[in-house]
Amino acid sequence: MITAYNPILVSKSNESTLRRAALDYLARREYSFYELKQKLYSRFPTFEVEVILDVVRALRAENLQSDERFVESYSRYRKSRGFGYKHIRHSLCQKKVDSHMIDQYLVADDPEWVQIAIKVVKKKSSGRKYDNMDIFEISKITRFMEARGFMPRQIQKAIDLSNKVDLD
Numbered sequence: 608m609i610t611a612y613n614p615i616l617v618s619k620s621n622e623s624t625l626r627r628a629a630l631d632y633l634a635r636r637e638y639s640f641y642e643l644k645q646k647l648y649s650r651f652p653t654f655e656v657e658v659i660l661d662v663v664r665a666l667r668a669e670n671l672q673s674d675e676r677f678v679e680s681y682s683r684y685r686k687s688r689g690f691g692y693k694h695i696r697h698s699l700c701q702k703k704v705d706s707h708m709i710d711q712y713l714v715a716d717d718p719e720w721v722q723i724a725i726k727v728v729k730k731k732s733s734g735r736k737y738d739n740m741d742i743f744e745i746s747k748i749t750r751f752m753e754a755r756g757f758m759p760r761q762i763q764k765a766i767d768l769s770n771k772v773d774l775d
């Protein structure tokens, strides 16, 4: 038996397929709205853009997708991996997260950044104190930390504190 093409049924089946795929992604980790939309676009290129957007919007309305939770978990993870404020902020902006939301979770002058920077200095200097390093080692560590997104004052403070404090 041949059935007539019904765009409403096709659309509903597409929505359920997309919803299942989106929930599979969200079960593994948090995604920003933009990231989830892009993942679904790349996985289902033949589906209509509007259907994909409707599914992601519905997940957001049901609080299954949340940019706030994404910012919180992403920034926590990146901090634990030794990245600084500028790097994390830039990454979140690339993922199209609202800058006001980023500012709620990331504060440039938070003393936590210096603590993270001290851990990075400890790891990069193999626990040696500043007095025992030559200028080339110090500049190498400084460049590395700048690439990791730390601000110059945070880097300097971390190097100074690593000299005064026993890092173990």
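If you count by my numbering, then the sequence shown holds residues 608 to 775, one letter each, in order.
For every residue, glycine included, the Cβ atom is placed at its ideal position computed from N, Cα and C.
For the alpha helix (DSSP H) containing residue i, list its first residue and its last residue.
i	result
Phe743	Ile742 to Ala754
Pro759	Pro759 to Lys771
Leu699	Tyr692 to Gln701
Ala724	Glu719 to Lys731
Asp705	It is not in any alpha helix (DSSP H) - Asp705 carries neither H nor E in the DSSP assignment.
My guess is that residue i and residue j are in contact by the Cβ rule of under 8 angstroms, so how many angstroms apart are they, rounded?
i	j	result
Glu637	Arg696	The Cβ separation is near 17 angstroms, so there is no contact.
Gln763	Trp720	12 angstroms between Cβ atoms; not a contact.
Ser803	Lys702	Look at the range of the chain in this structure, 608 to 775, and you will see that residue 803 is not part of it.
Lys693	Met758	7 angstroms
Glu622	Val658	6 angstroms
Look at the Cβ atom of residue i, then the Cβ atom of residue j, and state whether they are nearer than 8 angstroms.
i	j	result
Arg755	Phe690	yes
Asp631	Asp674	no
Ser769	Val714	no
Leu633	Gln672	yes
Leu666	Ala628	no
Using 7 angstroms as the cut-off, classify the Cβ of residue i as near or not near the heavy atoms of the ligand PLP, replying yes or no.
i	result
Leu768	Of the ligands one can find in the structure shown there are none, so the ligand PLP has no counterpart to examine.
Can you check whether the C-beta of residue i is within less than 8 angstroms of a C-beta belonging to chain C?
i	result
Leu633	In the displayed structure, chain C is absent; only one protein chain is listed.
State whether the stretch 645–657 contacts the stretch 675–690, with contact taken as three or more CB pairs (one from each stretch) at a distance under 8 angstroms. Verdict: no, contact absent.
Assess, as a yes-or-no matter, whether the stretch 719–737 is touched by the stretch 657–664 under the definition of 3 or more beta carbon pairs within less than 8 angstroms. Under the Cβ criterion (8 angstroms, minimum of three pairs), the stretch 657–664 does not count as touching the stretch 719–737.
Tell me, please, whether the stretch 745–752 touches the stretch 699–719 by the rule of three or more beta-carbon pairs shorter than 8 angstroms. By the criterion of at least three beta-carbon pairs nearer than 8 angstroms, the stretch 745–752 is not in contact with the stretch 699–719.
Let me know the beta strand (DSSP E) ranges lying completely inside the stretch 615–688, each 3 residues or longer, listed in chain order. Annotation note: the stretch 615–688 contains no uninterrupted beta strand (DSSP E) run of length 3 or greater.
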